[in-house]
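*Asks:* Residues in the sequence shown are numbered consecutively from 358, following my numbering. All C-beta atoms in this analysis are idealised placements derived from N, C-alpha and C, irrespective of residue type, glycine included. A single structure is presented below for examination.
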Amino acid sequence: MQELKNKLAQGVETLIYRLQKQDQPSVFDVVIIGSGYGGAVAAARLAAARSQAGKPLRICVLERGREFLPGDFPRDFSRLPAEVRFEPAKTGKLLGFANGLFDFHFNDDVSVLRGNGLGGGSLINASVVERMSDLTWQAPQWPQSLRVNWRQFTKYYQRVEQMLAAQVLPRAQWPQKTFALEKLGTAIDAAQRRKQGADKALTPSFRPVKLASQLFAAGETPWCRDLHWCDGTLSRTNQVAPARRDRTNIGAGNLASPFCLDRCYQ
């Protein structure tokens, strides 16, 4: 019972049951697709809001994969194969384990690693954050309007850092692996500069990262209401009232969000 008490999510079968039970209709004010940084923050803010009638909003969060509690994460390489899923772009065929923690997407130009489960990308990057360098803001790949006005966004860094309780780990507490990676990164950076020349060097290719992270997966989360996760396709789309279709927040990440929008368009 302790395990069930700590869980935030419910299976999609719970949602289907509520949709089928006429005396207990599931009508949500907001449906949020994705539970990563975008979806989770949206759920937190909306859960603290009130409707025009002064009542708490009914919120449904949909996520693919499973919920990870302390002890569920792979701790050694022997458990890693069961936590990997692959999806080559050429075939689109899912390989590996559908509920695996690490979700690889292989493409000819760019390959992506994503988190798969309740929490999205935060499951695999452990909320490690770093301020973007000034050189990155000024990169020519960005729109001209952003390159000119990028400083107006930096004022939000402090707000985000306070909300996430970001802290700098003192160098004396760094693990030995960090020093080894720092040494390796310095060597790679030097080799890259020699190959390309100083005028074309990737200046921000190596910068020390002085951050640490700790995952608290069993903490109380009072803002979660009617949290669900889905690992399939919910066919009863007619249950969504037309007046509420514009109250869907898509926070499914850089890959899944455009995919969802494209599916809706088609």
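#1: Using a Cβ-Cβ cutoff of less than 6 Å, which residues in the same chain neighbour Val486 once the five nearest sequence positions on both sides are dropped?
#2: Quick check: what's the CA-CA separation for Leu568 versus Asn482?
#3: Helix, strand or coil: how does DSSP classify Gly368 here?
#4: As a quick exercise: from Ala613, Thr605, Trp531, pick the residue whose alpha carbon is nearest that of Asp386.
#5: Confirm, please, whether the CB-CB distance from Asn456 to Gly477 is below 8 Å.
#6: Quick check on DSSP: helix, strand or coil for Thr594?
#7: Distance, Cα to Cα, Leu458 vs Ile390?
#8: Please state if the CB of Val388 and the CB of Leu612 are separated by a distance shorter than 8 Å.
#9: Please state the DSSP three-state secondary structure of Pro561.
#10: Would you mind working out which of Glu424, Gln509, Arg402 sits nearest Leu365, comparing C-alpha positions?
#11: Keeping to the same chain, check which residues put their C-beta closer than 8 Å to that of Asn473; ignore five residues upstream and five downstream.
#12: Tell me whether Glu487 sits in a helix, a strand or coil according to DSSP, three-state version.
*Replies:* Put simply:
#1: Ala523
#2: With a pLDDT of only 37 at Leu568, under 50, the local geometry of the prediction cannot be trusted, and the value read off the model is given with reservation. Those two C-alpha atoms are separated by around 12 Å.
#3: coil
#4: Thr605
#5: no
#6: Bear in mind that a pLDDT of 35 at Thr594, under 50, signals an unreliable position, so the model cannot answer this.
#7: 18 Å
#8: no
#9: Bear in mind that the predicted position of Pro561 carries a pLDDT of just 47, short of 50, making it unreliable; the figure below should be weighed with that in mind. If DSSP states are grouped into helix, strand and coil, Pro561 belongs with the helices.
#10: Glu424
#11: Arg421, Gly422, Arg442, Asn456, Gly457, Leu458, Phe459, Asp460, Leu480
#12: coil
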